[in-house]
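*Asks:* After the structure tokens below, expect a handful of questions from me.
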Amino acid sequence: MTTKTAVTVRVPAKVNLQLAVGPAREDGYHDLVNVFHAVALFDEVTVTGADSRPEGACAGLGVEDATGGGLAAHVARVPVDGTNLAARAAELVARTCGGPGAVPPVRLLLRKAIPVAGGMAGGSADAAAALVACNTWWDAGLTRADLLELAAQLGSDVAFPLLGGTAVGTGRGEVLSPVESPGRYHWVFALAEGGLSTPEVFAAYDRLRPDAPVPQGDPDLMAALAAGDAARLGAALSNDLEPAALELRPELGAVLECGRAAGALGAFVSGSGPTCAFLAESPDHAAAVAAALEESGRCERAVTAYGDVPGATPV
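The opening position of the sequence shown corresponds to residue -2 in the numbering used here, with each subsequent residue numbered one higher.
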């Protein structure tokens, strides 16, 4: 197997430039048109060897706040048992190697800068990073196509962090088509206290939209990305889950209005929320929007980032 002492993989958060949601399917999922965009908020997942194997291939999991305290409350909500998606990813890679008994046990350390339960796919990003890290640690020899297949087994959002950049996800979001976009976009993310349960948001969506149509891509959004036009992109941003998130967390409406008043080119709830995303004109404008949001007292914290960025990368 390996003589490495550790393998660390860095993985980005995502924001959904478009999230079009169809009606619930018989399997409980929804057909989506999901335009993923990777942004420069990164978690790191480190794999090291473990001395014991109490159960399965993943013998332990730790979580740290990589922001110096800004995500302490978020990190406290991350499960550190076998239900953690990164731990499940490690077990899945082990099964491809012949089962947990066929590989030496590992310990995972998650260093988090992506909000937890914030609509930015932090848990899915950690799972993607764990797939890459464990593949390297155990010399499993899995190809990118193999990893994408495993990612789809773990969840709808796990495949995209493997690729990064910008991509359209269809099906339940796991079928990805990369999108070329020459622009660099500047973002502000207003973090909220507490999280939102993705299943609860989808349940609220189903209640609010019993007549949801088959989801369709937005040609204006695609044209804006192709042109690298931030103003045009801001006008085309959309999220079908936003009304459901606002029903569950009405205070997010005031956060969105604050960002719009600060001149954001676009303002919307990210994914299933409760993080709110704002597109800015420039790095200086993003800093000004973030300052306005923090001064308003309507969010826990505001952070800036740019996109798009590459997917899961060993460091």
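The beta-carbon is built from N, C-alpha and C at its ideal position, and this holds for glycine as well.
These numbers were taken from a predicted model, which means no experiment stands behind them.
Under DSSP, the beta strand (DSSP E) around C131 begins and ends at which residues?
*Replies:* First-last for C131: G119 to W134, but that is the alpha helix (DSSP H), not the beta strand (DSSP E).
*Asks:* Where does Q336 land, buried or exposed, given buried means 16+ other C-beta within 10 angstroms?
*Replies:* With the chain represented from -2 up to 312, any question about residue 336 goes unanswered, as that position is not in the structure.
*Asks:* For the segment 25 to 88, which segments carrying the alpha helix (DSSP H) assignment without a break, of at least 4 residues, lie completely within its bounds, in sequence order?
*Replies:* Runs found: 69 to 72.
*Asks:* Where does S178 sit, in a helix, a strand or coil, going by DSSP?
*Replies:* S178: coil per DSSP, three-state reduction.
*Asks:* Give the DSSP-derived three-state secondary structure of P20 in the structure shown.
*Replies:* The answer is strand: DSSP assigns P20 an E or B state.
*Asks:* Do the CB positions of T272 and P112 come within less than 8 Å of each other?
*Replies:* Yes; because the gap between Cβ atoms is below 8 Å, this pair is in contact.
*Asks:* Is the beta carbon of A319 sitting closer than 8 Å to the one on A87?
*Replies:* The chain is shown from -2 up to 312; residue 319 falls before or after that span and cannot be answered.
*Asks:* Given a cut-off of 8 Å, decide if V44 and L105 are closer than it, judged by their beta-carbon atoms.
*Replies:* Cβ atoms of L105 and V44: closer than 8 Å.
*Asks:* What do you get for L205, buried or exposed, if any count of 16 or more other CB atoms within 10 angstroms of its CB means buried?
*Replies:* The residue in question, L205, is exposed, as its Cβ has fewer than 16 Cβ neighbours within 10 Å.
*Asks:* Using DSSP's beta-bridge definition, name the partner residues of C273.
*Replies:* Its beta-bridge partners are A187 and V266.
*Asks:* Report the residue from L234, A302, R141 and W134 whose alpha carbon sits nearest the alpha carbon of T5.
*Replies:* Comparing Cα positions, the closest option is W134.
*Asks:* Kindly say whether D62, judged by its beta-carbon, lies nearer than 8 Å to any beta-carbon of chain C.
*Replies:* In the displayed structure, chain C is absent; only one protein chain is listed.
*Asks:* What residue range is occupied by the uninterrupted alpha helix (DSSP H) comprising R141?
*Replies:* R141 to L151 is the span of the alpha helix (DSSP H), which, as asked, contains R141.
*Asks:* Return yes when the Cβ of L160 is within less than 8 Å of the Cβ of P175, no when it is not.
*Replies:* Going by C-beta atoms, P175 is nearer than 8 Å to L160.
*Asks:* To the nearest angstrom, report how far apart V36 and A122 are at their CA atoms.
*Replies:* When rounded, the distance between both Cα atoms is 12 Å.
*Asks:* Give the straight-line distance between the Cα atoms of A84 and E254, rounded to the nearest whole angstrom.
*Replies:* Using only the alpha carbons, I get a separation of about 39 Å.
*Asks:* So, with DSSP's three-state summary, where would you put S293?
*Replies:* DSSP places S293 in helix when its eight states are reduced to three.
*Asks:* Using the three-state DSSP reduction, which class does T310 fall into: helix, strand or coil?
*Replies:* The answer is strand: DSSP assigns T310 an E or B state.
*Asks:* To the nearest angstrom, report how far apart A302 and V252 are at their CA atoms.
*Replies:* Answer to the nearest angstrom: the Cα atoms are 18 Å apart.
*Asks:* Return the first residue and the last residue of the alpha helix (DSSP H) that T167 is part of.
*Replies:* First-last for T167: T163 to T167, but that is the beta strand (DSSP E), not the alpha helix (DSSP H).
*Asks:* Is it right to say P307 is buried, meaning 16 or more other beta carbons lie within 10 angstroms of its own, or is it exposed?
*Replies:* By the neighbour-count rule (16 or more Cβ atoms within 10 Å), P307 is not buried but exposed.
*Asks:* Name the DSSP beta bridge partners of G304, please?
*Replies:* G304 is bridged to V36 and Y182.
*Asks:* If we ignore side chains and look at the alpha-carbon of each, how far apart do A228 and Y26 end up?
*Replies:* Near 33 Å, if we compare the C-alpha coordinates of Y26 and A228.
*Asks:* Between G180, S153 and A283, which lies nearest to D226 when the distance is taken from Cα to Cα?
*Replies:* Ranking G180, S153 and A283 by Cα distance to D226 puts G180 first.
*Asks:* Which residue or residues does DSSP assign as beta-bridge partners of V4?
*Replies:* Beta-bridge pairing links V4 to V44.
*Asks:* Give the straight-line distance between the Cα atoms of M(-2) and G138, rounded to the nearest whole angstrom.
*Replies:* With a pLDDT of 49 at M(-2), under the threshold of 50, the predicted position of this residue should be treated as unreliable, though the coordinate-derived value follows. Approximately 11 Å between the Cα atoms of the pair.
*Asks:* Does DSSP put V252 in a helix, a strand or coil?
*Replies:* Note: V252 maps to helix in three-state DSSP.
*Asks:* Exposed or buried, which one is G24 when buried takes at least 16 other CB atoms within 10 Å?
*Replies:* Going by the sequence as given, residue 24 is Asp instead of Gly. D24 should be labelled exposed.
*Asks:* Which two residues bound the contiguous alpha helix (DSSP H) that contains V103?
*Replies:* Taken as a continuous stretch (DSSP letters only), V103 belongs to no alpha helix (DSSP H), being part of the beta strand (DSSP E) at V103 to K109.
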